[in-house]
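Novice: One line per chain: the protein sequences are A and B, in this order. For the first sequence, numbering that gives the first Met the number 0 gives the first residue as 0, with consecutive numbering after it. For the second sequence, numbering that gives the first Met the number 0 gives the first residue as 0, with consecutive numbering after it. Note that the Cβ used here is the ideal one computed from N, Cα and C, for glycine as well. Next up is a structure, given as structure tokens.
2 protein chains.
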Amino acid sequence: MNGYSASTNCLNCTKSAKCFKQLIPSELEFINQNKTQILYKKGENICKQGAFASYVLYISDGLVKLYLENPNRKNINIKILKTAEFIGLSSIYGENIYNYSAIALKDSTVCLIEKESIRKLLINNGNFASEIIKWYCKNEKQLFTKIKSLGHKQMHGRLADTLLYLCNESFDQEEIFSALSRKDIADFACISTESTVRLLTELKNDHIIDMNGRMIKILNKELLKEISKRG
Amino acid sequence: MNGYSASTNCLNCTKSAKCFKQLIPSELEFINQNKTQILYKKGENICKQGAFASYVLYISDGLVKLYLENPNRKNINIKILKTAEFIGLSSIYGENIYNYSAIALKDSTVCLIEKESIRKLLINNGNFASEIIKWYCKNEKQLFTKIKSLGHKQMHGRLADTLLYLCNESFDQEEIFSALSRKDIADFACISTESTVRLLTELKNDHIIDMNGRMIKILNKELLKEISKRG
DNA sequence: CTGATTTATTGAGCTATATCAATTATTTAT
DNA sequence: ATAAATAATTGATATAGCTCAATAAATCAG
């Protein structure tokens, strides 16, 4: 066990999500017995859309990109997950496959938790279940935001949405942007890589953002929000 | 109380969702005490996106269209809800507002349930909570399907997706299509009404669908699925 | 039944954005 | 350090799909 990362034992894990705080020691020990911890290197796939979902995945320490794959086509980036977030939670009761793919944006420690164990906890501990439902509430809102962005906004608005999302203070900017290529940004906004580059240059020339290699900083957040709103 | 519709008393409601079947009589009685039943006429708004979400809504008998509103722009139709489905479930723990709007496609009986009561049940009854989570799993998958459709498919694929959804055997076709205008179909696929009309005519000429006024029937489902797949 | 309003349809032109191709910059491997 | 591979940028062209406008059909109100 190292000093800075997630613990291999759930009972003294300092990086646990709110839902795990609802568990009593014996329940935590139960989870501990039914999980495996794995280290994924940067760039490695943590799960693949359509693959058999054997476990629920929990990022005990890391940074992960969630995306939808289209046969023969480009991907749609959904969101970036940080430490203490779940991957593939919906496989507990949904279809037994992952609905999306996930890739490590930096070296990440992931706990593979038996689905059946989670199910047992949900039935026995209402507070745990409630926290999971809270997560779903937030998640749903986020997906609606994505749908609104894709459904009626055009390039400019979609890229603005993407930048506002990625520049969120809850992310380590250096870490995020150094890990994201232009194609990644394009896949968040669902526009072509070339259009993305062109629009970014435009935004830079208009002093709405600053760019330095892969690093992007928002200079005029209000205007960017306005662009997002206008669509 | 009438003979064919939902009961006004939860204890003898025959149109109850699976989650309510997990409740013991005292819990059902508790819900019963904390709900109001309202009849919405066809075309009436059941909830408005952004409005204060005082209750969780439950369709005890009806047909409802869920949609996202864009300021000054067209709507995005998300899905059609039938009897025994929830509206605004995510307001239990999410922001205290509705994430979407809902309109009655036919006269619908809706139960307004106190959010706090649902919260209490979730904490006290793990089976109830688990059923709600099951719902969220399905819901999430549906939203990803929508995102995939909007994110990279073009007109043809999006309309195919829409028709395959609306022609699902679980809907009463007559009821669904007589309630949906061309604009409604367009808003499901997120394309212009004019393009929708043009594409529908095209599909009819190719004998992939049959049209008669508002009524639409799929003649060649395999081909339509192929169009959906191709994008 | 009749005029008025809404909804559906069709055509023509315009615009946003993708695609293709070429060039430059950056990273990786030897 | 140099070659090779990958990523970013820029320009030119093509096209999907929107908007606008006009007409036709259907529904509604009196």
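Of the residues that make up the stretch 123–152 of chain B, which ones have a beta carbon closer than 8 Å to any beta carbon in chain A?
Specialist: N123, N124, G125, N126, A128, S129, I131, I132, K133, Y135, C136, K137, N138, E139, K140, L142, F143, K145, I146, K147, L149, G150 and H151
Novice: Need the endpoints of the alpha helix (DSSP H) that A:D209 sits in, please.
Specialist: Stepping through the first sequence from its first residue, residue 209 of chain A is reached at position 210. Looking at the DSSP string, A:D209 is not in any alpha helix (DSSP H); the run it does join, the beta strand (DSSP E), is I208 to N211.
Novice: Quick one, which residues of the stretch 63–76 of chain B are near chain A if we go by CB-CB under 7 Å, in chain order?
Specialist: Per Cβ criterion, the list reads L67, N69, R72, K73 and I75.
Novice: Between the alpha carbons of A:I96 and A:E84, how many angstroms are there, rounded?
Specialist: Here residue 96 of chain A refers to the residue found at position 97 of the first sequence. Here residue 84 of chain A refers to the residue found at position 85 of the first sequence. So the two alpha carbons sit approximately 19 Å from each other.
Novice: Is it buried or exposed for B:M210, if we count other Cβ within 10 angstroms and need 16 for buried?
Specialist: Mapped onto the second sequence, residue 210 of chain B falls at position 211. It counts as exposed.
Novice: For the candidate residues B:K224, B:F176 and B:T13, whose alpha-carbon lies nearest to that of B:M214?
Specialist: Numbered from 1 along the second sequence, position 215 holds the residue referred to as residue 214 of chain B. The shortest Cα separation from B:M214 among B:K224, B:F176 and B:T13 belongs to B:F176.
Novice: To which residues of the same chain is A:E68 closer than 7 Å at the C-beta, ignoring the five residues directly before and after it?
Specialist: By one-based count along the first sequence, residue 68 of chain A stands at place 69. Closer than 7 Å at the Cβ level, and outside the excluded window around A:E68, lie Q48, N74 and S100.
Novice: Quick check on DSSP: helix, strand or coil for B:G49?
Specialist: In the second sequence, counting from the first residue as 1, residue 49 of chain B sits at position 50. B:G49: coil per DSSP, three-state reduction.
Novice: Leaving out the 5 sequence neighbours to the left and right, which residues in its chain are closer than 7 Å to B:S198 when beta-carbon positions are compared?
Specialist: Start at 1 with the first residue of the second sequence, and residue 198 of chain B comes out as number 199. Here the sequence assigns Leu to residue 198 of chain B, which means Ser is not the residue at that position. Cβ within range, chain order: M154, H155 and L158.
Novice: From the DSSP output, read off the bridge partner residues of B:Q36.
Specialist: As a position in the second sequence, residue 36 of chain B is number 37, starting the count at 1. Bridge partners of B:Q36: B:C110.
Novice: Answer with buried or exposed for B:K34, where buried requires no fewer than 16 other C-beta atoms within 10 angstroms of its C-beta.
Specialist: Looking up residue 34 of chain B in the second sequence gives position 35. Using a 10 angstroms sphere on the CB of B:K34, the tally of other CB atoms reaches 16 or more, which defines it as buried.
Novice: So, are the CB atoms of B:K133 and A:Y92 less than 8 Å apart?
Specialist: On the second sequence, residue 133 of chain B is found 134 positions in, with the first residue counted as 1. On the first sequence, residue 92 of chain A is found 93 positions in, with the first residue counted as 1. Yes. Within cutoff.
Novice: How should A:H206 be labelled, buried or exposed, when 16 other C-beta atoms within 10 angstroms of its C-beta is the threshold for buried?
Specialist: The residue given as residue 206 of chain A occupies position 207 in the first sequence. A:H206 is exposed by the Cβ-count criterion.
Novice: Please report the straight-line C-alpha distance between B:K216 and A:S180, rounded to a whole angstrom.
Specialist: Counting from one through the second sequence, the residue named residue 216 of chain B turns up at place 217. Counting from one through the first sequence, the residue named residue 180 of chain A turns up at place 181. Going from the Cα of B:K216 to the Cα of A:S180 covers about 45 Å.
Novice: For chain A, is any of its Cβ atoms less than 8 Å away from the one on B:E225?
Specialist: Taking the first residue of the second sequence as position 1, residue 225 of chain B is located at position 226. False, the Cβ-Cβ gap to chain A never drops below 8 Å.
Novice: With DSSP as the reference, label B:K64 as helix, strand or coil.
Specialist: The count along the second sequence starts at 1 and reaches residue 64 of chain B at position 65. Correct three-state label for B:K64: strand.
Novice: By the three-class DSSP mapping on this structure, what secondary structure does A:S116 have?
Specialist: Position 117 of the first sequence holds residue 116 of chain A. The three-state reading of DSSP puts A:S116 in helix, counting H, G and I together.
Novice: Within 10 Å of its beta-carbon, does B:E139 have 16 or more other beta-carbons around it, so buried, or fewer, so exposed?
Specialist: In the second sequence, residue 139 of chain B corresponds to position 140, counting from 1. The residue in question, B:E139, is buried, as its Cβ has 16 or more Cβ neighbours within 10 Å.
Novice: At 8 Å on the CB atoms, spell out the chain B contacts of A:S89, in chain order.
Specialist: What you label residue 89 of chain A is simply residue 90 of the first sequence in a count that begins at 1. Those within 8 Å of A:S89 in chain B are Y135, C136, E139 and K140.
Novice: Identify every run of the alpha helix (DSSP H) within the stretch 153–222 of chain B, keeping only runs that are complete inside it and at least 4 residues long; order them along the chain.
Specialist: Annotation note: the stretch 153–222 of chain B contains the following uninterrupted alpha helix (DSSP H) runs of length 4 or greater, listed N- to C-terminal: 154–165, 172–178, 181–188 and 192–204.
Novice: Do A:I45 and A:Y54 count as a contact pair if the criterion is CB distance below 8 Å?
Specialist: Residue mapping note: residue 54 of chain A aligns to position 55 of the first sequence, counting from 1. Residue mapping note: residue 45 of chain A aligns to position 46 of the first sequence, counting from 1. In this structure, A:I45 does not lie closer than 8 Å to A:Y54 by Cβ.
Novice: What are the start and end residues of the alpha helix (DSSP H) that includes B:I132?
Specialist: Numbered from 1 along the second sequence, position 133 holds the residue referred to as residue 132 of chain B. Where B:I132 is concerned, the enclosing alpha helix (DSSP H) stretches over G125 to H151.
Novice: Take the Cβ of A:G2 as the centre, count every other Cβ of all protein chains shown within 10 Å, and call the residue buried at 16 or more, exposed below.
Specialist: Here residue 2 of chain A refers to the residue found at position 3 of the first sequence. The predicted position of A:G2 is uncertain, since its pLDDT is 39 and thus under 50; a value taken from the coordinates is nonetheless stated next. By the neighbour-count rule (16 or more Cβ atoms within 10 Å), A:G2 is not buried but exposed.
Novice: Do you know how far the Cα of B:S194 is from the Cα of B:A188?
Specialist: Against the second sequence, residue 188 of chain B aligns to sequence position 189. Against the second sequence, residue 194 of chain B aligns to sequence position 195. Roughly 10 Å separates the two Cα atoms.
Novice: Quick one: which chain B residues come within Cβ less than 8 Å of A:L121?
Specialist: Stepping through the first sequence from its first residue, residue 121 of chain A is reached at position 122. Those are G125, A128, S129 and I132, listed as they occur along chain B.
Novice: Quick check on the burial criterion: 16 or more other C-beta atoms within 10 angstroms. Buried or exposed for B:G230?
Specialist: The sequence position of residue 230 of chain B within the second sequence is 231, counting from 1. The residue is buried, with at least 16 neighbouring Cβ atoms inside 10 Å.
Novice: Would you grab the beta carbon distance between A:S129 and B:L121 for me? Rounded to a whole angstrom, and I think it's under 8 Å.
Specialist: Counted from its first residue, the first sequence places residue 129 of chain A at position 130. Counted from its first residue, the second sequence places residue 121 of chain B at position 122. Contact flag correct, Cβ pair sits at about 5 Å.
Novice: Please name the residue in B:I190, B:E221 and B:L22 whose C-alpha comes closest to that of B:G150.
Specialist: As a first step, residue 150 of chain B must be located in the second sequence, where it is residue number 151. The shortest Cα separation from B:G150 among B:I190, B:E221 and B:L22 belongs to B:I190.
Novice: Please classify A:S169: is it buried, with 16 or more other beta-carbons within 10 angstroms of its beta-carbon, or exposed?
Specialist: Working through the first sequence from its first residue, we reach residue 169 of chain A at position 170. It is exposed - the Cβ of A:S169 has fewer than 16 other Cβ atoms within 10 Å.
Novice: Assuming B:T82 and B:D106 make a contact with CB atoms under 8 Å, what is their CB distance in whole Å?
Specialist: To locate residue 82 of chain B, count along the second sequence from 1; it is residue 83. To locate residue 106 of chain B, count along the second sequence from 1; it is residue 107. 12 Å between Cβ atoms; not a contact.
Novice: If you follow the beta strand (DSSP E) that A:K78 is in, where does it begin and where does it stop?
Specialist: Taking the first sequence and counting its residues from 1, the one referred to as residue 78 of chain A is at position 79. Run containing A:K78: I75 to K81, per the beta strand (DSSP E) assignment.
Novice: Please tell me whether B:N98 has its Cβ less than 8 Å away from any Cβ of chain A.
Specialist: By 1-based counting over the second sequence, the position of residue 98 of chain B is 99. By this cut-off, B:N98 is an interface position.
Novice: Report the residue from B:D171, B:Q172, B:L104 and B:I112 whose alpha carbon sits nearest the alpha carbon of B:N31.
Specialist: Numbered from 1 along the second sequence, position 32 holds the residue referred to as residue 31 of chain B. Answer by Cα proximity: B:I112.
Novice: Under 7 Å Cβ-Cβ, which residues of chain A neighbour B:Y92?
Specialist: Position 93 of the second sequence, counted from the start, is the residue given in the question as residue 92 of chain B. The answer, in chain order, is I132, K133 and C136.
Novice: Just to make sure I have the definition right: I need the residues of chain A whose C-beta is within less than 8 Å of the C-beta of B:C18. Which are they?
Specialist: In the second sequence, residue 18 of chain B corresponds to position 19, counting from 1. The contacting residues do not exist; B:C18 stays about 12 Å from chain A at best.
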